[in-house]
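> In the UniProt record's numbering, the protein residues as written are 1 to 607.
(1) Go ahead and pull the three-state DSSP assignment for residue 202.
(2) Check whether the Cβ atoms of residue 445 and residue 496 sit closer than 8 Å, and answer yes or no.
(3) Would you say residue 273 and residue 176 are within 8 Å of each other, going by their C-beta atoms?
(4) Report all residues from its chain with a CB closer than 6 Å to the CB of residue 310; omit the five preceding and five following residues, and keep chain order.
(5) Tell me which same chain residues have a C-beta within less than 8 Å of the C-beta of residue 188, skipping the five on either side of it?
(6) Which class does residue 82 belong to by DSSP, given the choice of helix, strand or coil?
(7) Enumerate, from N- to C-terminal direction, the unbroken alpha helix (DSSP H) stretches of 4 or more residues contained entirely within the region 119 to 169.
(8) Buried or exposed for residue 488, please, with buried defined as at least 16 other CB atoms from any protein chain shown within 10 angstroms of its CB.
(9) Going straight from the alpha carbon of residue 132 to that of residue 418, what length do you get?
(10) Counting along the chain, where does the beta strand (DSSP E) carrying residue 385 start and finish?
(11) Tell whether a beta-carbon distance below 8 Å holds between residue 111 and residue 29.
(12) Please report the distance separating the alpha-carbon of residue 52 from that of residue 461.
(13) Please report the distance separating the alpha-carbon of residue 608 from that of residue 377.
(14) Do you know offhand how far residue 287's Cα is from residue 437's?
(15) Rank 546, 64 and 559 by C-alpha distance to the C-alpha of residue 263 and give the top, closest one.
(16) Quick check on the DSSP output: what are the complete alpha helix (DSSP H) runs of length 4 or more inside the region 388 to 462, in order along the chain?
(17) Name the one or two DSSP bridge partners that residue 310 has.
(18) In the DSSP output, what is residue 12 paired with across the bridge?
(19) For residue 548 versus residue 531, is the C-beta distance shorter than 8 Å?
(20) Mapping DSSP to helix, strand and coil, what is residue 247?
(21) Let me know if residue 572 comes out buried or exposed under the rule of 16 or more other beta-carbons within 10 Å of its beta-carbon.
(22) Hey, which unbroken runs of the alpha helix (DSSP H) at 4 residues or more fall wholly within the region 332 to 380?
(23) Excluding the 5 residues flanking residue 171 on each side, which residues of the same chain have their C-beta closer than 8 Å to its C-beta?
(24) Do you know whose CA, among 317, 323 and 381, lies nearest residue 340's CA?
(25) Please go through the same chain and pick out, in chain order, the residues whose beta-carbon is closer than 6 Å to the beta-carbon of residue 374, but skip the five residues on each side of it.
(26) Which residue comes first and which comes last in the beta strand (DSSP E) that contains residue 525?
(27) By alpha-carbon positions, which one of 435, 430 and 422 ends up nearest to residue 402?
(28) What is the DSSP secondary structure of residue 475, counted as helix, strand or coil?
(29) According to DSSP, is residue 587 helix, strand or coil?
(30) Hey, would you say residue 211 sits closer than 8 Å to residue 165, going by beta carbons?
(31) Compare the Cα-Cα distances from residue 540 to each of 514, 588, 397 and 524 and report the closest residue.
(32) Measure the C-alpha to C-alpha separation of residue 186 and residue 180 and round it to an integer number of angstroms.
(33) Can you list, in chain order, the residues of its chain with a C-beta nearer than 6 Å to that of residue 79? Leave out the 5 residues immediately preceding and following it.
(34) Grouping DSSP H, G and I as helix and E and B as strand, with all else coil, what is residue 282?
(35) In three-state terms, what does DSSP make of residue 5?
(36) If you run the structure through DSSP and keep just helix, strand and coil, what is residue 505?
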């Protein structure tokens, strides 16, 4: 483990407590039917000394992230922290309050807004700002702007927000959500032996996810908007922590919002739940640009996670170190890969400069030096390391059977695995025992031995998400896989464009079953004024759109004339009531017969 900075430095704790106005008591948020979607009181155990089952550095970070309540940041600017993975910021205007990043769940967002109003009065929401396209920054939108209340309220987001929000949360939603269960420790008990923190925050809420589409796009750095009398100056930062992201300042309040581009930890270049690999090079450059672009227009900087930093000199130093952090990881990875090192070899060799290693905000609580350098390698060179032996390896189960056979069979492999554990080589013990489990998922002794190795690796990890992955793996080896909980309320679907909705169907087509069928369906959307032609051919569902007045080049097998709400109902399985039909209605049944449902509990730690 790398050297820790002095624990005696209490600046972070002082900043995390600064401006405290009041907490939600109890810090428990429920749905209307009583289901708990957030419980910050479950982390009260963090008030005690660090136990042997938690890395001391992660314990410190968890103590900071667990601080909950309403905090005063600057003139007219407040934050609610500790009611979800992310923060909700509120900026008071002439008539009401502008909400920045309404958390993940509508229930948590509503609770955060109520806490603000308890201390600051019943101000209406007069603006909504999404800093970027990740779900923990828009999912609670309907908790602050209920259906029908958004009329005349600007919803501001960086250019490309909706497209990227959909691609990360819908197209690969099932797989990402399943892996996110591991990343955030979904099924782990909140305890010193279980879930302690995710590093970026405590964990994710589990309430209702919604999305209100943006009405104002930020398309360039230097763009200014005035919302409810509050002037906002934007810096567009695409390709940094999110594909669509932005920093912005409030010059009248001398405050700077850094979105999720500079928080109090090393962030992910590739998150463990899965995403597009981020560009560490451009991330560094936008942080450098921020130092120059915002100049001396602020005295405090706050972000969508963690606590603010006060004093312009302190902010500039943090930005400069964060800039250097991502630049160093990027450049040194490229230097080493150009010398022939593979991703794992780069990760093993990489070491941060002492000044960065000694900065608390550069430590790997959420991203890690190991998986970030591998991600940078992946961005440039992909999964293949250049060794042809790795071009066509057997899949995991077949590979595992052969390794176990080489080890002398299951009994011999288990003995060797236990010997590795006794010798303290937990990394290779995990590799060997994982082969043993994949070769025979019914081998209870191997699964229990591997679970014990994962527990020890998790308890020693400084990175919150690594800890959660290890401990979730141990739990699922013992209890079996959990089930993905996806939002089925339609909150996301209502905000998608028709093209996005049809794309979400296309990625669920079972190609091998469909590849001998050919069909066309026209969807004439009267309220949209467009006709969407769906073509199934060679197992691929493609679609294109044209204005309703433009005649089709050829007749479709089936034409449905309907409204967008009827289309949403049709895709939700509500049938064709009220939908005008022309052609063969059986075609629709053929099409839907190829649409698959994702496995909600696919195995990760067993085949």
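In this text, a Cβ means the ideal position worked out from N, Cα and C, and glycines have one as well.
Please read these numbers as outputs of a predicted model, since none were measured by experiment.
In this structure, then:
(1) Correct three-state label for residue 202: coil.
(2) No. Outside cutoff.
(3) Cβ distance < 8 Å, so residue 273 and residue 176 count as in contact.
(4) Once the five neighbours on either side are set aside, the close Cβ partners of residue 310 are 300.
(5) Exclusion of the five residues before and after residue 188 leaves 194, 195, 468, 471, 472 and 475 as the residues of its chain whose Cβ lies within less than 8 Å of its Cβ.
(6) Three-state result, residue 82: coil.
(7) With a minimum length of 4 residues, the continuous alpha helix (DSSP H) runs that stay inside the region 119 to 169 are 141 to 144 and 161 to 166.
(8) In this prediction, residue 488 has a pLDDT of 42, which is less than 50 and means its spatial position is unreliable; what the coordinates show is noted afterwards. That one is exposed.
(9) Residue 132 and residue 418 have their C-alpha atoms roughly 46 Å apart.
(10) No residue range can be given for residue 385, since it is assigned to no beta strand (DSSP E) and is classified by DSSP as neither H nor E.
(11) Yes, the Cβ-Cβ distance between residue 111 and residue 29 is below 8 Å.
(12) Separation of residue 52 and residue 461 (C-alpha to C-alpha, rounded to the nearest whole angstrom) is 12 Å.
(13) Any property of residue 608 remains undetermined from this structure, which presents the chain solely from 1 to 607.
(14) Their Cα atoms are separated by approximately 45 Å.
(15) Of the candidates 546, 64 and 559, the one whose C-alpha sits nearest the C-alpha of residue 263 is 64.
(16) Listed in chain order, they are 396 to 406, 410 to 422, 426 to 439 and 444 to 459.
(17) When beta bridges are read from the DSSP output, residue 310 appears opposite 300.
(18) DSSP lists no partner for residue 12.
(19) Contact: yes.
(20) Correct three-state label for residue 247: strand.
(21) Exposed.
(22) Segments of the alpha helix (DSSP H) lying fully in the region 332 to 380: 343 to 349 and 354 to 357.
(23) The residues 503, 504 and 507, in chain order, have a CB closer than 8 Å to that of residue 171 in the same chain once the five nearest residues on each side in sequence are set aside.
(24) Looking at the Cα atoms, 381 is the closest of the given residues.
(25) Cβ neighbours of residue 374 within its own chain (closer than 6 Å, five residues either side excluded): 343 and 347.
(26) Element bounds for residue 525: 519 to 525.
(27) When 435, 430 and 422 are compared, the shortest CA-CA separation from residue 402 is found for 435.
(28) In the displayed model, residue 475 falls within a helix according to three-state DSSP.
(29) Helix.
(30) Closer than 8 Å, so yes.
(31) Comparing Cα-Cα distances from residue 540 to each of 514, 588, 397 and 524, the minimum goes to 514.
(32) Distance between the alpha carbons of residue 186 and residue 180 is about 8 Å.
(33) Cβ within range, chain order: 71, 73, 87 and 89.
(34) Under the three-state reduction of DSSP output, residue 282 falls in the helix class.
(35) Three-state DSSP puts residue 5 in coil, outside helix and strand.
(36) Residue state, collapsed to three classes: helix.
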